[in-house]
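*Asks:*
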């Protein structure tokens, strides 16, 4: 536990990663995540860690590939276009079963887009992003406090299941300041056991190889299926979500990150008007809290997905519910500001008018 | 209690640091707070603005779309943000640099010659504190003392005499009353 | 009978997949001998590239990581900075190092990463089937320039030692060749020095080794001298052998152990 400190989301993320044992960071400047490498550049050397400003995002992720292979806790961060550049390396790390932390402080896209907060990288984050069959453990913080506290969980899951962990934030979460309280005890890296796959000084043990390839007939399939078993365990054990005012809700908003914050404001406004609305916030985007959504569909017949993208997460809501309830979408792409008033208008539209009429408004 | 504030001005007028200071002061008073700046390309040369929330309840969104108070330090900011002020809300205008008057009649307006007062105190940089002092007195959302206590936390490198000057500016600002 | 020579401990007894007359096998052995003689096998980590040496992770008897195409120097940076007590080497071909990985090699030198790079230049893409490399000679035939490389269409071959010699952070750069016995002996000495530099924390060291690719050059597989002759007569005039940089001190030194 620590006292509350007013911190920027990006700085909380960097400090949180460090407190969770991160000792290597490589990254390249891109707005709106620049405070992460800036903070790491002076803070890591204080704890005996290493910081490299890489020549590109491509180099940064490959520095991580190397550093993570030593079994240390490592991290890189970027924003949307930079994350696209890193995808090949992320795929290599996933294919080599290397745990590390990557943060995407999303901005508007596609292309160069803009530097405002957005959520357009949901598919990229939850569907793999790079080539091949793989998953990332994806956590979606909703503010500076969670930016500071989620790295702990990310490393825990990443090392337990040997999977890269992604924190999916956005420019608003990265740039905002709010009181941050680090709730996990700071990790003493001397207490971390070196994994039995880590490269390094061998002291007479058999050689170790870190790799993502196997050209022998049928062997890659075996490698992938072996990994899938761990994916199933993660889906079973590591799902996280938050529910607010959901008990008597007739409509549940499904939203993550900044959208969830804005939606919560809209929920409160709706409640003041007597509308029974609740918020369901997925905290892990993969694994997605499918089971819980199905349970909720027993009582709740209307779900409204709110996202700062064209309608990406809504697909997971639809896939989870599979026709059990009505699913609506409030979407705001391109990094435009999303307001509680707009969301409230949609809530009213959906609740008062229903499916057909709402479709007509859109 | 809930207070959503928007501060806006030229880059270099201390808009961002004034916002951070408000959030810090609110937090130290045991309130829930958030701060959100405009950032990136907007930071360079153009206008800078930020949103601050001070609330006794959880801060849902840090984006203040209908501010209870807007503090503007330059003319373009007045044009941009006056329409956003919540009905019955407060608009604080830096009358040293803004010659226009507020157009809206459904809000309260306070004209404070921030630069002039800061100049009288001998350091133009503290003009943002004059505005914060006026804000504290007019809204009661935060006290001048709370802001003063937060100063050393936000400006860690400031010498005691400069802190003192900032406090003086806060107090001068607090003398402005709504008519 | 008396045993005069044996397989280096740093090289495993597995069948290599390299073509007849290829230089990779020889170069692998030289690296292994150097590791044995310097006693660094127990703390060495090698990076296998994408290209013909992709299976190098299987051949060397030390910890290995299979890298992404061209990113060996970035991976080496991560390995070395995360575990400075190890000896890290990146094994790369010409497409890997001088084309797709140009940024990584140059910036590793700029930062004077305390690593060892073995750059095998055989002027062709081997694994993918004989396409033009950034080091392909003017007039040399390749599957993407069937009439031979022309400067008009593809520019000139890149000379990496000369290029990196302009970089302040580079500690040691030497170009050698394995097309004849004196060349092999010199190559081993250069590799040893490149490792020794890392042990002494001198910073970025690279050995560029001119090597043969009979399969993709179209020289006779049953007569390897055709290929070695091509190195001597074709490559040497364009890529002169020698030491291009031997700095007494670089910034890499200050990084030494601990970060």
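Protein chains in written order, with the numbering used here: chain A, 146 to 507; chain B, 49 to 227; chain C, 114 to 372. Each residue gets a CB set at the ideal place from its N, CA and C atoms; glycine is no exception. Since the structure is predicted, the reported quantities are computational estimates derived from the model, not experimental observations.
1) Check whether chain E comes within 7 Å of residue 359/C, counting only Cβ atoms and requiring the distance to be less than that.
2) Where does residue 383/A sit, in a helix, a strand or coil, going by DSSP?
3) Under the DSSP definition of a beta bridge, which residues are partnered with residue 284/A?
4) Quick check on DSSP: helix, strand or coil for residue 163/A?
5) I need the boundaries of the beta strand (DSSP E) containing residue 475/A, first residue and last residue.
6) Residue 122/B and residue 145/B: beta carbons closer than 7 Å?
7) With the cut-off set at 7 Å, would you say residue 128/A and residue 221/A are in Cβ contact?
8) Nearest chain C C-beta to residue 221/A closer than 7 Å, yes or no?
9) Can the beta-carbon of residue 230/A be found less than 7 Å from the beta-carbon of residue 202/A?
10) Can you give, in chain order, each stretch of the alpha helix (DSSP H) that sits fully within the stretch 156 to 183 of chain C and has at least 4 residues?
11) Can you tell me which of 216/C, 259/C, 274/C puts its alpha carbon nearest to the alpha carbon of residue 267/C?
12) Classify residue 142/C as helix, strand or coil using the three-state DSSP reduction.
13) Taking the alpha-carbon of residue 402/A as reference, which of 377/A, 225/A, 430/A has the nearest alpha-carbon?
14) Please list the residues of the stretch 58 to 75 of chain B that have a C-beta atom closer than 8 Å to any C-beta atom in chain A, keeping them in chain order.
15) Measuring alpha carbon to alpha carbon, tell me which of 211/B, 223/B, 204/B, 52/B ends up nearest residue 117/B.
16) In chain order, what are the residue ranges of uninterrupted beta strand (DSSP E) at least 3 long that sit wholly in the stretch 49 to 135 of chain B?
17) What is the DSSP secondary structure of residue 491/A, reduced to helix, strand or coil?
18) For residue 89/A, would you say it is in contact with chain C, using Cβ-to-Cβ distances shorter than 7 Å as the test?
19) Check for me: the beta strand (DSSP E) holding residue 318/C runs from which residue to which?
20) Could you tell me the alpha carbon to alpha carbon distance between residue 120/B and residue 80/B, rounded to whole angstroms?
21) Quick check: the stretch 330 to 342 of chain A against the stretch 251 to 262 of chain A, are at least 3 beta-carbon pairs closer than 8 Å?
22) By how many angstroms is the C-alpha of residue 285/C removed from the C-alpha of residue 201/C?
23) Kindly list, in the order they appear in chain A, the residues whose Cβ is closer than 8 Å to that of residue 83/B.
24) Taking the alpha-carbon of residue 489/A as reference, which of 301/A, 423/A, 455/A has the nearest alpha-carbon?
25) Quick check on residue 400/A: does DSSP put it in helix, strand or coil?
26) DSSP on residue 200/C, reduced to helix/strand/coil?
27) Check whether the Cβ of residue 263/A lies closer than 7 Å to any Cβ atom in chain B.
28) Which same chain residues, not among the five before or five after residue 136/C, have their C-beta less than 6 Å away from its C-beta?
29) Return helix, strand or coil for residue 324/A, following the three-state DSSP convention.
30) Nearest chain A C-beta to residue 95/B closer than 7 Å, yes or no?
31) Find the nearest neighbour of residue 195/B within the set 73/B, 54/B, 164/B, 159/B, judged by alpha-carbon distance.
32) Applying the criterion that 16 or more other CB atoms from any shown protein chain within 10 Å of the CB defines a buried residue, is residue 187/B buried or exposed?
33) With a Cβ-Cβ cutoff of 7 Å, do residue 466/A and residue 438/A count as a contact?
34) Is residue 190/C closer than 7 Å to residue 226/C when the C-beta atoms are compared?
35) Whole angstroms are fine: how far does the CA of residue 171/B sit from the CA of residue 289/A?
36) Below 8 Å, can you find three or more Cβ-Cβ pairs linking the stretch 246 to 258 of chain A to the stretch 152 to 168 of chain A?
*Replies:* Quick look at the numbers:
1) Here chain E cannot be found, since the structure's protein chains are A, B and C.
2) Sequence index remark: in the first chain, residue 383/A carries index 238 (1-based). The answer is coil: DSSP assigns residue 383/A none of H, G, I, E or B.
3) Reading the first chain from its first residue, position 139 is the one you call residue 284/A. According to DSSP, residue 284/A bridges with 312/A, 429/A.
4) Here residue 163/A refers to the residue found at position 18 when the first chain is read from its first residue. Of the three classes helix, strand and coil, the one that applies to residue 163/A here is helix, per DSSP.
5) To locate residue 475/A, count along the first chain from 1; it is residue 330. Residues 471 to 476.
6) Taking the second chain and counting its residues from 1, one reaches residue 122/B at position 74. Taking the second chain and counting its residues from 1, one reaches residue 145/B at position 97. Yes.
7) The first residue shown for chain A is 146 and the last is 507, placing residue 128/A beyond what the model contains.
8) Indexing the first chain from 1 puts residue 221/A at position 76. For residue 221/A, the answer is no, since every Cβ of chain C falls outside 7 Å of its Cβ.
9) Taking the first residue of the first chain as position 1, residue 230/A is located at position 85. Taking the first residue of the first chain as position 1, residue 202/A is located at position 57. A contact, by the Cβ cut-off of 7 Å.
10) 169 to 172
11) For this step, residue 267/C is matched to residue 154 along the third chain. For the residues 216/C, 259/C, 274/C, the minimum Cα distance to residue 267/C belongs to 259/C.
12) Mapped onto the third chain, residue 142/C falls at position 29. Three-state result, residue 142/C: helix.
13) Against the first chain, residue 402/A aligns to sequence position 257. For residue 402/A, the nearest C-alpha among the options comes from 430/A.
14) When CB distances to chain A are screened at a threshold of 8 Å, the residues of the stretch 58 to 75 of chain B falling below it are 68, 71, 72, 75, in chain order.
15) Locating residue 117/B in the second chain gives position 69, counting from the first residue. Among 211/B, 223/B, 204/B, 52/B, the Cα nearest to that of residue 117/B is on 52/B.
16) 50 to 58, 80 to 85, 95 to 103, 117 to 120
17) Residue numbering aside, residue 491/A sits at position 346 when the first chain is read from its first letter. In the structure shown, residue 491/A sits in a helix (DSSP, three-state: H, G or I).
18) The structure shown does not extend to residue 89/A, since chain A spans only 146 to 507, so no value can be given for it.
19) Translated into the one-based positions of the third chain, residue 318/C becomes position 205. Taken as a continuous stretch (DSSP letters only), the beta strand (DSSP E) holding residue 318/C covers 317 to 323.
20) By one-based count along the second chain, residue 120/B stands at place 72. By one-based count along the second chain, residue 80/B stands at place 32. Their backbone Cα atoms lie some 24 Å apart in a straight line.
21) no
22) On the third chain, residue 201/C is found 88 positions in, with the first residue counted as 1. On the third chain, residue 285/C is found 172 positions in, with the first residue counted as 1. Each residue's Cα considered, the two are about 15 Å apart.
23) Along the second chain, one-based indexing puts residue 83/B at 35. Below the 8 Å Cβ cutoff, chain A contributes 151, 321, 322, 323 as neighbours of residue 83/B, in chain order.
24) Translated into positions along the first chain, residue 489/A becomes position 344. Among 301/A, 423/A, 455/A, the Cα nearest to that of residue 489/A belongs to 423/A.
25) As a working mapping, residue 400/A is identified with position 255 in the first chain. DSSP places residue 400/A outside both helix and strand once states are collapsed to three, so it counts as coil.
26) The residue labelled residue 200/C in the question sits at position 87 within the third chain. Residue 200/C: strand per DSSP, three-state reduction.
27) Within the first chain, the letter at position 118 stands for residue 263/A. No, no contact with chain B.
28) The residue given as residue 136/C occupies position 23 in the third chain. Excluding positions up to five away in sequence, the list reads 291, 324, 325.
29) Numbered from its first residue, the first chain carries residue 324/A at position 179. Shown here, residue 324/A sits in a strand according to DSSP, grouped into three states.
30) In the second chain, residue 95/B corresponds to position 47, counting from 1. No, no contact with chain A.
31) To locate residue 195/B, count along the second chain from 1; it is residue 147. It is 73/B whose Cα lies nearest to the Cα of residue 195/B.
32) Within the second chain, the letter at position 139 stands for residue 187/B. Per the 10 Å Cβ criterion, buried.
33) Numbered from 1 along the first chain, position 321 holds the residue referred to as residue 466/A. Numbered from 1 along the first chain, position 293 holds the residue referred to as residue 438/A. For residue 466/A and residue 438/A, yes; Cβs fall inside 7 Å.
34) If you number the third chain from 1, residue 226/C lands on position 113. If you number the third chain from 1, residue 190/C lands on position 77. It is a contact, given that the beta carbons lie within the stated cut-off.
35) The residue given as residue 289/A occupies position 144 in the first chain. The residue given as residue 171/B occupies position 123 in the second chain. Going by the C-alpha atoms only, they are around 34 Å apart.
36) yes
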